[in-house]
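These notes are about the structure you will find just below.
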Amino acid sequence: MSSYAVEVEALTKIFGDFVAVDRIHFQVKEGEIFGFLGPNGAGKSTTIRMLCGLLMPSAGKGKVAGFDLLKESEKIKQVIGYMSQKFSLYEDLTVTENLHFFGGIYGLSGSLQKERERQALERAGLQELRDRITRTLPVGWKQRLALASALLHQPDILFLDEPTSGVDPVSRRNFWSLIQQMAEQGVTIFVTTHNMDEAEYCDRLALIDQGRIIALGTPTELKLKTLPRGILEVDCVPLIPALDLLKKTDWISEAGIFGEGLHVIGKEGVDSEREIQSLFETNQILLRRMEWIRPSLEDVFVSLIEKENER
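Residue numbers are given in our numbering: position 128 of the sequence shown equals residue 116, and the series is strictly consecutive.
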């Protein structure tokens, strides 16, 4: 018996001449939060729709909850929860009416359905809003309702496609608290995002760009493997001229604005600190501070994308 909730091998989706997903391989362990990280148009939503049985792959194979992607898509739909990127509930129904409607779609009825609806309201913190018309809810609460609806039938695997798009930071944090609670209860979470802060919540990540997986691992593994030396954080003025100077050198791999300073990655074998000090002194750039720091996932992702583009 496989301990993987999702297994994918050479999964591909082609639309005409466009390769949206290009022979990707990965496995998702049962009970983990697995993040699919990438920019818009990278192939995240296409992949998740194939895994949910909503889109037939062009090539490759895979299993979700033990069911074959190509032959048992209807069985897959019965054991998963799916929350799409676009809010998909009925705006003119109340919170309770939406839960009741989707409970019926999932085959619930009678006392079981009432109990599941009660649990969903409690889990999402929607008890006091149960009679509110859905369209009057703030975006963050709508997302909570969408998540509660996807969990009514107690699925083994929950697929979330950009679940916090357009949600404010506080609501995003609260939403992720709910996701972590689900994972602690044994639900496997597969979530797509282009938000680097959200990616930190995941147990493991697959980084995808132009339909290809370019890295796979825990957030810590990706940082250590991609940028083992770390990042040079540079505080200097004027900022833009300093950045332009750095980008013209042949000993800098990458340089970019990060907050109010610069993040700089030097090439292997180069004493980046000494070179930067010398460059700035020669060009009248005031160096206020420079120190090595651990890279962020944004640093990692930008670095990997740059390397892909150089190939």
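From the three backbone atoms N, C-alpha and C, an ideal C-beta is built for every residue, glycine too.
If you draw a straight line from the Cα of Leu234 to the Cα of Ile240, it is about 7 Å long.
When Cβ pairs closer than 8 Å are counted between the two stretches, the stretch 279 to 286 is seen to touch the stretch 209 to 228, the count reaching three or more. Counting along the chain, Lys32 sits inside the alpha helix (DSSP H) bounded by residues Lys32 to Leu39. In this structure the stretch 60 to 77 lies against the stretch 41 to 51, because at least three pairs of beta carbons, one per stretch, are closer than 8 Å. Separation of Ile201 and Glu(-5) (C-alpha to C-alpha, rounded to the nearest whole angstrom) is 14 Å.
Look at Ile202 here: in three-state DSSP terms it is strand.
Looking only at Gly54, Leu81, Glu279 and Glu209, the smallest Cα-Cα distance to Asp191 is reached by Glu209. Asp5 is classed as exposed because its beta carbon has fewer than 16 other beta carbons within 10 Å across all chains shown. In the DSSP annotation of this structure, the continuous segment of the alpha helix (DSSP H) that includes Gly128 starts and ends at Val127 to Ala138. Note that the C-beta distance between Thr122 and Asn86 is below 7 Å. Residue pairing of Asp56 in beta bridges, as defined by DSSP: Lys51. Under a 10 Å Cβ-count criterion, Ile264 is classified as buried, with 16 or more other Cβ atoms of the shown protein chains found around its own Cβ.
For the pair Leu77 and Arg262, the Cα-to-Cα distance works out to about 58 Å. Out of Ile228, Gly257, Val258 and Glu242, the CA that lies nearest to the CA of Gly249 is found in Ile228. Taking a contact to require three or more Cβ pairs closer than 8 Å, the stretch 25 to 37 and the stretch 56 to 67 do not qualify as touching. Here DSSP, grouped into helix, strand and coil, assigns Glu248 to coil. Counting only the Cα atoms, Gly254 lies some 20 Å from Leu274.
If you draw a straight line from the Cα of Met170 to the Cα of Glu(-3), it is about 27 Å long.
If you draw a straight line from the Cα of Arg160 to the Cα of Gln272, it is about 43 Å long. If you ignore the 5 residues before and after Lys65, its C-beta comes within less than 6 Å of the C-beta of Gly41, all in its own chain and listed in chain order. Scanning its chain for C-beta atoms nearer than 6 Å, with the 5 sequence neighbours on each side dropped, one finds around Gln15 the residues Tyr(-8) and Glu(-5), in chain order. Non-local beta-carbon contacts of Ser260 in its own chain, meaning distances under 6 Å to residues more than five positions away in sequence, involve Leu220 and Gly254 in chain order. Ala243 is bridged by DSSP to Val252.
Here Val158 is exposed: its Cβ has fewer than 16 other Cβ atoms, across all protein chains shown, within 10 Å. Annotated three-state conformation of Gln142 is coil, per DSSP. In this structure, the CA atom of His88 is about 29 Å from the CA atom of Phe22.
Around the CB of Leu195, 16 or more other CB atoms lie within 10 Å, so the residue is classed as buried.
Rounded to whole angstroms, the separation of the alpha carbons of Lys63 and Leu146 is 15 Å. Counting only residues of its own chain and dropping the five nearest sequence neighbours on each side, Thr206 has a CB closer than 6 Å to the CB of Arg192.
For a cut-off of 8 Å, the C-beta gap from Pro151 to Gln131 is around 6 Å, short enough to register as a contact.
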